[in-house]
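Quick note, the sequences are listed as chains A and B, same order. So the first sequence is numbered by UniProt numbering: it starts at 1 and just counts up by one. So the second sequence is numbered by UniProt numbering: it starts at 1 and just counts up by one.
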Amino acid sequence: MGSGKSSLVLRYVKGQFFDYQASTVGAAFLTKTLPELNVKFEIWDTAGQERYHSLAPMYYRGAAAAIIVYDITSPDSFTRAKSWVRELQRQGSPNMIMALTGNKADLEGQRAVTVEEAQAYAAENGLFYIETSAKTAANVNQLFEEIARKLPKPEAVPRPPQGGIVLSESQQAQNQKKSSCC
Amino acid sequence: MDAEEPVLGSAVVEGSAGSVSGSRSAFPPADVRPATDTYDDEDDDDGAASVGEPADDDDEPAGSDGAAVLAEGLAEAEGLAEAEGLAEGSEASAAASRREAHAALDGSGPSVSPPHDGESVEAIEAAVASLALQKHPPRARRQGSGSPHRTSTGDAEAAEAGGPSTATHTGDGRRASDHAAVADGGESEASTSGAGAEDAPTQWHTFPRHFFILSSSGKPIYSYNGDEDSLVGLSALISALISVVQNQGDAVQHIRSGSTLIVFMLHGPLYFVAASSCGEPATALRKQLELMYGQLVLIVTTGLERIIQRNPSYDVRSLLDGVGGVLSALADHMASDPAYLLSAHKPLPVPAADRAAISALLSEAVRQSGAVYGLLMADTYVVAMSRAKQQPPLHPDDLLLLANFVMCNNAYRHGHGEAFSPVCLPHFNADAFLHAYIHYLDASSGLYLVLLSGSAEAFHQLSSGRAWLEEQAAVRGLTPRLRALRPPEHVPASGGAADDRRRPPQQQQQQQQHLNVLSVENLPRPLGGRFGHTALWSYGVRFTALQQAVFSPPCHLHRSPEGAAQLASCYAQLHSLLHSPASPARPNKLAWFADSRAALVASRERDMEVYMVCDPMTDKATAGALMEALRRHFSDRGIAADVTLTPAAASA
């Protein structure tokens, strides 16, 4: 079981949830437009497996935002989320918005990572922090809308440096999902 | 025999040091304790009880003691012991008679390639014999306690227990080892008999087929049945078997035990083992292992081997998260679809005009998107394929592995976004990834498009190439016809069949329509006809120059999973008969085999290989006539155009 990256994106983009979601192989690309905020999300839902780690830069290079997802019932997944944060701080673009997301919040009974611990870590590293549940949809829209609001306004943005993406008139944010899997 | 036993003793030390719990009497307890814990508890007591005995025999030479320990330890390591249990009398006799038929045909006796000397064969024989004896614990212990002639006694006992048919087989086994002892060089096979056992069924026993992958340091990587953790004991046994033979400067190829055939394939630091009692010949199981290796490479490239070589103790399972499912799906596929044997593309029958139109679109999409290869597939069947200039044709095995990989990932089919995944095509470049854009054109029919590119940055180009293709197909009115395409369902027990029932009758009609080109019912008389009206049950035709093959959809006898497996093993048998000539210079042109289940016929000419599975009552003259009719039918240009891809797409 992964931390729920695909479930989170699927809940947001398509409003669907599957109890058994096959683990992602490679990556999946999804888009969602928020006309009221003048934002079009282009989302890479990346695989959590270790063997795809070396491919990750291909997805987060030039991204405007990254969501690092961990599973609140798994301390391991939180540890791996932290290592992803370090990697993104080192390798990602300096203006990238990073959101640390504790998923599976519906499994409160099995919680293994406390809100305080995650919040303290997020504050220390300047991350936006939120807990979500792809299953119940709690906070999922809030997460993406908050990212949309944090994105630089069109006039402030010279042009996101990303290879090969045709920009339309609406502002685009390439948004990156990645995280620990477990 | 006495002289050889020290060799066995040393094999225990090197091959499976400490992990054979039975070695307590031969080694300091400290070595053994931890490993004992890794065994299934049920066998622990037995092991402890039995190992005491060799030590009691004070007059035994030390080397022999070690050998006994190996035998006991192996017997304990369960896995093969259960496989042994499948050697029921009737199966054993069927297997034996088949082998004889095989031998008669290729005129070379049992397919034994002997080792440098007889030792390794006898060593393995001893081990396997002790596995057989495990079925009768008290006797096994008597044997294990160090009779210097336990191998032969073991065989005799096994023969007693297994009845006359097994005895025949025992003779066979004896012959094999005699043969091995006099000849020199080459590869080794050990053969011995298995005793049918009704008692003590265990977990491994219950499965007719097994696949194992482990690293050269004995670390379990994958098991088809059960999870790889339960492999701990068994991997020690496998390592020991491989190591015993390697000590002779040789490599173990396969071991036959009753009706169970165990095939080994060593690939650098990876060991692949298949065990089957379904009747596939060794060549087929070897091909299956090669494909499993290819599937691993497809997902992780040969980098996996380099990692293990650099750091043998690294647990590569962390890199192979989720790969087990893909390997198991491949194993399931090979159990029910014999096409993997032929190394040929499997074209889906499509009216030639439609195929030409969609192939042209695909070529243009490949050109526009800068892809290396473009594929339009349904299940493992090819609807159309295209490649960039200067690229070699895709290898059929690569295509099968890619198709299996795509089909395993439900997320691709059910539209969780546009998928982009690294894949490695082993025959294209086993060291590097290509990047695959995977898109289902129609989730219900399972028609999907794969565009492969060498660049990780190519996603957006490939995506727009796909969009162009879909748009053009719609403009030209091809979309509804593409959506009507359905791959034949090989095993209705799978999820696909359930879908089938939900489909409106009209769609089922369409499915019938395009498949019926290949169905036996629709072949011209007297070749074809309803079941019972023709002797022909099933056929496969391989178009040699095109590297393509077609198979008839299964008749009702072969629609159950068991039926499909039986049919696949018939084809495997037939393929092996046709492709193992007595001398490489004179390939077999015709193969014939009949038993109570079916009559199997195959022929090979320059342009075509034809395989037929017929009613068991068929005589040779009838089969010959059917064969000729089938060949004529598929030589017809009009029919060939609908059922095969044009050479331009496939190989030009």
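No residue lacks a Cβ here, since even glycine has one placed at the ideal position from N, Cα and C. If you're wondering where the values come from, they're calculated on a predicted model, not measured in any experiment.
TODO: Would you identify the three-state DSSP class for Tyr224/B, choosing helix, strand or coil?
DONE: coil
TODO: Counting only the same chain and skipping the five closest in sequence on each side, list residues whose C-beta sits under 7 Å from that of Val423/B.
DONE: Counting only Cβ-Cβ distances below 7 Å, and skipping sequence neighbours, we find Leu298, Leu402, Phe405, Phe433, Leu434, Ala436.
TODO: Report the rounded CA-to-CA distance for Lys153/A versus Ala99/A, giving the unit in angstroms.
DONE: 18 Å
Open item on the list: If I follow the unbroken beta strand (DSSP E) through Phe212/B, where does it start and stop?
Closed with: 209–215 is the span of the beta strand (DSSP E), which, as asked, contains Phe212/B.
TODO: May I ask you to list, following chain order, the residues of the region 415–434 of chain B that have a beta carbon less than 7 Å from some beta carbon of chain A?
DONE: From the region 415–434 of chain B, only His416, Gly417, Glu418, Ala419, Phe420, Ser421, Pro422 have a Cβ closer than 7 Å to chain A.
Open item on the list: Run through the DSSP bridge pairs and tell me what Gly374/B is partnered with.
Closed with: Gly374/B is bridged to Ser386/B, Leu451/B.
Open item on the list: Quick check on this structure: which residue in Gly324/B, Gly294/B, Cys408/B has the alpha carbon closest to the alpha carbon of Leu425/B?
Closed with: Gly294/B
- [ ] Using three-state DSSP, classify Leu151/A as helix, strand or coil.
- [x] It is coil, neither helix nor strand.
Open item on the list: With a threshold of 8 Å between beta-carbons, can Asn409/B be considered close to chain A, or not?
Closed with: yes
Task: Secondary structure of Leu261/B, DSSP reduced to three states - done: strand
Task: Range of the contiguous beta strand (DSSP E) that encloses Tyr293/B - done: It is not in any beta strand (DSSP E) - Tyr293/B instead sits in the alpha helix (DSSP H) that spans 282–300.
Open item on the list: Per DSSP, what are the beta-bridge partners of Leu46/A in this structure?
Closed with: Before going on, a small fix: residue 46/A reads as Thr here, not Leu. BP columns for Thr46/A point to Ala27/A.
Task: Reduced DSSP secondary structure (H/G/I, E/B, other) of Arg80/A - done: Helix.
- [ ] Select from Gly233/B, Ile213/B, Ser243/B the residue whose C-alpha is nearest the C-alpha of Glu305/B.
- [x] Ile213/B
- [ ] Please compile the residues from chain A whose C-beta is within a distance smaller than 9 Å of the C-beta of residue 659/B.
- [x] No information on residue 659/B is available, as it lies outside the stretch 1 to 652 that chain B covers here.
- [ ] Examine chain B for any beta-carbon lying closer than 8 Å to the beta-carbon of Ala27/A, and answer yes or no.
- [x] yes
TODO: Look at Leu447/B and Tyr440/B and say whether their C-beta atoms are less than 8 Å apart.
DONE: The Cβ atoms of Leu447/B and Tyr440/B lie closer than 8 Å to each other.
Task: Closest by C-alpha distance to Ser3/A, when choosing among Gln16/A, Leu127/A, Tyr20/A - done: Tyr20/A
Task: Secondary structure, beta strand (DSSP E): runs of 3+ residues fully inside the region 597–652 of chain B - done: 599–604, 608–614
TODO: Answer yes or no: do Ala602/B and Leu577/B have a C-beta to C-beta separation smaller than 8 Å?
DONE: Going by C-beta atoms, Ala602/B is nearer than 8 Å to Leu577/B.
- [ ] Use the C-beta contact count for Thr132/A: other C-beta atoms within 10 angstroms, 16 or more gives buried, fewer gives exposed.
- [x] buried
TODO: Select from Ala474/B, Tyr373/B, Pro396/B the residue whose C-alpha is nearest the C-alpha of Ala458/B.
DONE: Tyr373/B
Open item on the list: Considering Cα atoms alone, identify which of Ile72/A, Leu88/A, Asp45/A is closest to Pro57/A.
Closed with: Leu88/A
Open item on the list: Below 8 Å on C-beta distance, what does Thr33/A contact in chain B?
Closed with: In chain order: nothing, as chain B lies at least about 15 Å away.
Open item on the list: Quick check on DSSP: helix, strand or coil for Gln548/B?
Closed with: strand
- [ ] Indicate the three-state DSSP secondary structure (helix, strand or coil) for Asp56/B in the structure shown.
- [x] Confidence at Asp56/B is low in this model, with a pLDDT of 37, below 50, so the placement of that residue should be treated as unreliable; the coordinate-derived value is given next. Three-state DSSP puts Asp56/B in a helix.
Task: CA-to-CA distance, Glu117/A to Phe18/A, given in whole angstroms - done: 29 Å
TODO: For the alpha helix (DSSP H) containing Trp592/B, list its first residue and its last residue.
DONE: Premise fails: Trp592/B lies in the beta strand (DSSP E), 590–594, not in any alpha helix (DSSP H).
- [ ] Whole angstroms is fine: what's the gap from Asn103/A's alpha carbon to Asn139/A's?
- [x] 10 Å
Task: Proximity of residue 702/B and Ala275/B at Cβ, strictly below 8 Å - done: Since the first residue shown for chain B is 1 and the last is 652, residue 702/B is missing from the structure and cannot be characterised.
TODO: Say whether chain B places a C-beta atom closer than 8 Å to the C-beta of Ser179/A.
DONE: With a pLDDT of 43 at Ser179/A, under the threshold of 50, the modelled position of that residue is not reliable, and the figure given next carries that caveat. Ser179/A does not count as touching chain B.
Open item on the list: Tell me the rounded alpha-carbon separation between Arg483/B and Val643/B.
Closed with: Those two C-alpha atoms are separated by around 18 Å.
- [ ] Could you list which residues in chain B have their beta carbon closer than 9 Å to that of Glu50/A, in chain order?
- [x] Ser318, Leu319, Asp321
- [ ] Give the straight-line distance between the Cα atoms of Leu645/B and Phe420/B, rounded to the nearest whole angstrom.
- [x] 27 Å
TODO: Go through the region 305–389 of chain B residue by residue and report every complete run of the alpha helix (DSSP H) that reaches 4 residues or more, in order.
DONE: 323–336, 352–369
Open item on the list: Counting C-beta neighbours from all protein chains within 10 Å, is the total for Met1/A 16 or more, i.e. buried, or is it exposed?
Closed with: exposed
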